[in-house]
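Undergrad: Residue numbers (the numbering used here), protein chains in the order written: chain A, 419 to 595; chain B, 419 to 595.
Pasting a structure below so you can have a look.
There are 2 protein chains.
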Amino acid sequence: MDTKAQILAIARELFARQGYRGTSIADIARELGVTPAALYYHYISKADVLDAILAEPLAAYADLAERARSGRLTAAELLGAFIDFTVETRQLMPVVSSDPAVRARLDERLPHSPAEMADAIISALAASSTEPKRLIVARAAYAAAKDGTAAALDFGSGTLSPEHRKLVLATALRALG
Amino acid sequence: MDTKAQILAIARELFARQGYRGTSIADIARELGVTPAALYYHYISKADVLDAILAEPLAAYADLAERARSGRLTAAELLGAFIDFTVETRQLMPVVSSDPAVRARLDERLPHSPAEMADAIISALAASSTEPKRLIVARAAYAAAKDGTAAALDFGSGTLSPEHRKLVLATALRALG
DNA sequence: GTCTATATTGTGATAGAC
DNA sequence: GTCTATCACAATATAGAC
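Here is the structure:
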């Protein structure tokens, strides 16, 4: 593994465990076995490391939101895709996207903020209804899928069995009504 | 309002908006119209301010977990109480409890960590079953109640109407199966 | 109760040698 | 590519005057 990728792997883990603000360049450098200055050869700033880590998950999320907007997916397909996305990004998204500093950065750098993308998915789950009641239920179902997946990953040592995937999907669909 | 309470009100809002780490003593002091040093007359440290803010919500949460452990509540009663708790602590709990620095402090200061209390409630929702499938569904229902309530509060300008409360409760119960 | 002044530490980041 | 040395700054916190 080249150094840039190593840095990302370490930063990913530390950001997930301690948060973005709670992790210093020195923390990452220590884990890698170099001095902080060495990191600046590979990435021009701490925020640049964050960007590199989030680029792929955010692109996948944007893609999911785009498919949701198209209206060509059933609720089951949409929730299933969201469950799979949650599995792939489990360590990172919850911790990092809850850091206000990170959110502010993403809001000014992305065409659509993560919150807007979530809205697109939730709106599609509500069958594009603008009625508050449908949107409340859709957001509850979205949360059920996310946290149900997280719970299943906890019990499955980090992997989601097909059986548990079915269970979580059925639970979220039940919530959706 | 006395100064101590004013400080808490300001800190509560800033912590909710910018996170604990993202808010400095200087930020709070500026909002109050004094110098940072003045705050140290009222609270011995920034963590002390945090403790004062969280004491009441955490006690309420611990009480809810205790009632869950007693096994004397139905799933509907438990979820209803959790929805009401979520309404009362809406600004604070999500942001603050997702800051790793805050979590670490709470873990070492409380008899039961917030995560343990959540487990107690989720276990009760699973009817004290230790089967992973039941616990996964229970956690999904718990999340549906939480985020459904948050969505309803968004649409209701910060208040939860009886109608929306019924809706969220029904949605979470449906997820629970 | 609040101020000024300051100690102290941590952090992101740069310059320049090797 | 990595180092040493260092800067600039922000943050928590304290001392002591008013």
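For every residue, glycine included, the Cβ atom is placed at its ideal position computed from N, Cα and C.
The structure presented is a predicted model; accordingly, all values stated were derived computationally and were not measured.
Please say whether B/Ile554 and A/Phe573 have beta carbons closer to each other than 9 Å?
TA: In the first sequence, the residue the question calls residue 573 of chain A occupies position 155. In the second sequence, the residue the question calls residue 554 of chain B occupies position 136. For A/Phe573 and B/Ile554, yes; Cβs fall inside 9 Å.
Undergrad: Count the other CB atoms within 10 Å of the CB of A/Lys613; is the residue buried (16 or more) or exposed (fewer)?
TA: Chain A is shown from 419 up to 595; residue 613 of chain A falls before or after that span and cannot be answered.
Undergrad: Measuring straight from C-alpha to C-alpha, what distance separates B/Ala651 and B/Thr492?
TA: Residue 651 of chain B is absent from the model: chain B starts at 419 and stops at 595.
Undergrad: Closer than 8 Å by C-beta to A/Gln424: which residues in its own chain qualify, once you throw out the five before and the five after it? Chain order, please.
TA: Stepping through the first sequence from its first residue, residue 424 of chain A is reached at position 6. Here the set comprises Leu450.
Undergrad: For A/Ala544, I'd like the list of residues in its chain whose CB is within less than 6 Å of its CB, leaving aside the five on either flank, ordered along the chain.
TA: Taking the first residue of the first sequence as position 1, residue 544 of chain A is located at position 126. These residues qualify, in order along the chain: Arg552, Leu553, Ala556.
Undergrad: Any contact of the segment 523 to 534 of chain A with the segment 519 to 531 of chain B, i.e. 3+ C-beta pairs under 8 Å?
TA: No contact exists between the segment 523 to 534 of chain A and the segment 519 to 531 of chain B.
Undergrad: Can you find a CB in chain B that lies within less than 9 Å of the CB of A/Ile471?
TA: Taking the first sequence and counting its residues from 1, one reaches residue 471 of chain A at position 53. Chain B contact via Cβ: absent.
Undergrad: Of the residues that make up the segment 548 to 562 of chain A, which ones have a beta carbon closer than 9 Å to any beta carbon in chain B?
TA: Answer in chain order: Pro550, Lys551, Leu553, Ile554, Val555, Ala556, Arg557, Ala558, Ala559, Tyr560, Ala561, Ala562.
Undergrad: At a CB-CB cut-off below 7 Å, which residues of chain A make contact with B/Phe500?
TA: Numbered from its first residue, the second sequence carries residue 500 of chain B at position 82. Those do not exist, as B/Phe500 stays about 13 Å from chain A at its closest Cβ, beyond 7 Å.
Undergrad: Counting beta carbon pairs with one atom in the segment 472 to 488 of chain B and one in the segment 510 to 517 of chain B, are three or more of them shorter than 8 Å?
TA: The segment 510 to 517 of chain B vs the segment 472 to 488 of chain B: in contact.
Undergrad: Could you work out which residues of chain B lie near A/Val452, taking near to mean beta carbons separated by less than 7 Å?
TA: Walking along the first sequence from the start, residue 452 of chain A turns up at place 34. Here the premise fails: no neighbours, minimum Cβ distance about 24 Å.
Undergrad: Following the continuous alpha helix (DSSP H) through A/Gln424, name the residue where it begins and the one where it ends.
TA: As a first step, residue 424 of chain A is located in the first sequence; it is residue number 6 there, counting from the start. Note, A/Gln424: alpha helix (DSSP H), 421 to 436.
Undergrad: Pull up the distance between the alpha-carbon of A/Gly437 and that of B/Ala561, whole angstroms please.
TA: The sequence position of residue 437 of chain A within the first sequence is 19, counting from 1. The sequence position of residue 561 of chain B within the second sequence is 143, counting from 1. Taking the straight line joining both Cα atoms gives about 22 Å.
Undergrad: Assuming A/Ala590 contacts A/Leu482 (C-beta within less than 8 Å), just tell me the rounded distance between them.
TA: Position 172 of the first sequence, counted from the start, is the residue given in the question as residue 590 of chain A. Position 64 of the first sequence, counted from the start, is the residue given in the question as residue 482 of chain A. About 15 Å separates the two Cβ atoms, so there is no contact after all.
Undergrad: Just checking my contact of B/Val505 with B/Leu571 at CB under 8 Å: how many whole Å lie between their CB atoms?
TA: Indexing the second sequence from 1 puts residue 505 of chain B at position 87. Indexing the second sequence from 1 puts residue 571 of chain B at position 153. The pair is a contact, with the Cβ atoms about 7 Å apart (cut-off 8 Å).
Undergrad: Just reading off the alpha helix (DSSP H) that B/Tyr461 is part of, what are its end residues?
TA: Your numbering for residue 461 of chain B matches position 43 in the second sequence. Where B/Tyr461 is concerned, there is no enclosing alpha helix (DSSP H), given that its DSSP letter is neither H nor E.
Undergrad: Please confirm whether A/Val467 and A/Tyr461 have their CB atoms less than 9 Å apart.
TA: Taking the first residue of the first sequence as 1, we reach residue 467 of chain A at position 49. Taking the first residue of the first sequence as 1, we reach residue 461 of chain A at position 43. Yes, these two residues count as a Cβ contact at 9 Å.
Undergrad: Tell me which residues of the segment 565 to 586 of chain B have at least one Cβ-Cβ distance to chain A shorter than 7 Å, keeping chain order.
TA: Correct list: Asp565, Gly566, Ala569, Ala570, Phe573, His582, Leu585, Val586.
Undergrad: For A/Met535, does the count of other Cβ atoms within 10 angstroms reach 16, so buried, or fall short, so exposed?
TA: As a first step, residue 535 of chain A is located in the first sequence; it is residue number 117 there, counting from the start. Classification for A/Met535: buried.
Undergrad: For B/Ile540, which residues from the same chain have a beta carbon less than 8 Å from its beta carbon, with the 5 sequence-adjacent residues on both sides left out?
TA: Against the second sequence, residue 540 of chain B aligns to sequence position 122. Correct list, in chain order: Leu553, Ala556, Arg557, Tyr560.
Undergrad: Since B/Arg439 and A/Arg523 are thought to touch, with beta carbons under 8 Å apart, how far apart are those beta carbons, to the nearest angstrom?
TA: Within the second sequence, residue 439 of chain B is the residue found at index 21, counting from 1. Within the first sequence, residue 523 of chain A is the residue found at index 105, counting from 1. Not confirmed; about 15 Å, so no contact.
Undergrad: Could you give the uninterrupted runs of the alpha helix (DSSP H) lying entirely in the segment 484 to 541 of chain B, keeping only those of 4 residues or more?
TA: You should have 493 to 506, 510 to 515, 518 to 527.
Undergrad: Residues of chain B with a CB under 9 Å from the CB of A/Ser516: which are they?
TA: In the first sequence, residue 516 of chain A corresponds to position 98, counting from 1. Those are Gly437, Pro512, Val513, Ser516, Asp517, listed as they occur along chain B.
Undergrad: Which chain B residues are close to A/Ala429, counting only those with a beta carbon under 8 Å from its beta carbon?
TA: What you label residue 429 of chain A is simply residue 11 of the first sequence in a count that begins at 1. Within chain B, no residue comes near A/Ala429; the closest Cβ sits about 15 Å away, beyond 8 Å.
Undergrad: Going by C-alpha distance, which of B/Glu431, B/Ser442, B/Leu457, B/Ile443 is nearest B/Asp420?
TA: Mapped onto the second sequence, residue 420 of chain B falls at position 2. When only C-alpha atoms are compared, the closest one is B/Leu457.
Undergrad: According to the Cβ coordinates, are A/Ala447 and A/Thr453 closer than 9 Å?
TA: Within the first sequence, the letter at position 29 stands for residue 447 of chain A. Within the first sequence, the letter at position 35 stands for residue 453 of chain A. Yes, the pair counts as a contact, with Cβ atoms nearer than the cut-off.
Undergrad: Quick one: residues in its chain with C-beta nearer than 7 Å to the C-beta of B/Ala480, no 5 flanking neighbours on either side, listed in chain order?
TA: On the second sequence, residue 480 of chain B is found 62 positions in, with the first residue counted as 1. Result list for B/Ala480: His530, Met535, in chain order.
Undergrad: Determine the chain A residues that contact B/Gly489 at a beta-carbon separation under 9 Å, and present them in chain order.
TA: Within the second sequence, the letter at position 71 stands for residue 489 of chain B. Under the 9 Å cutoff, chain A gives no residues; its nearest Cβ is about 21 Å from B/Gly489.
Undergrad: Using the beta-carbon of each residue, which ones in chain A are nearer than 8 Å to B/Arg380?
TA: Summary: the structure shown does not reach residue 380 of chain B, with chain B confined to residues 419 through 595, and so no result is reported for it.
Undergrad: Hey, does B/Thr589 have any beta-carbon neighbour from chain A nearer than 9 Å?
TA: Along the second sequence, read from residue 1 onward, the residue named residue 589 of chain B stands at position 171. Closer than 9 Å to some Cβ of chain A, the Cβ of B/Thr589 qualifies, so yes.
Undergrad: How far does the alpha helix (DSSP H) with A/Arg583 in it reach, from first residue to last?
TA: Working through the first sequence from its first residue, we reach residue 583 of chain A at position 165. Here the alpha helix (DSSP H) through A/Arg583 covers 580 to 594.
Undergrad: Measuring alpha carbon to alpha carbon, tell me which residue in B/Glu581, B/Ala538, B/Thr567 is nearest B/Asp502.
TA: As a first step, residue 502 of chain B must be located in the second sequence, where it is residue number 84. Selected option, being the one with the closest Cα: B/Thr567.
Undergrad: Which whole-angstrom value is the C-beta distance of B/Pro546 and B/Gly595, which I expect to be below 8 Å?
TA: Locating residue 546 of chain B in the second sequence gives position 128, counting from the first residue. Locating residue 595 of chain B in the second sequence gives position 177, counting from the first residue. It is worth fixing the name first, because residue 546 of chain B is Ser in this sequence and not Pro. Not quite, the Cβ-Cβ distance comes to about 16 Å (not below 8 Å), so this is no contact.
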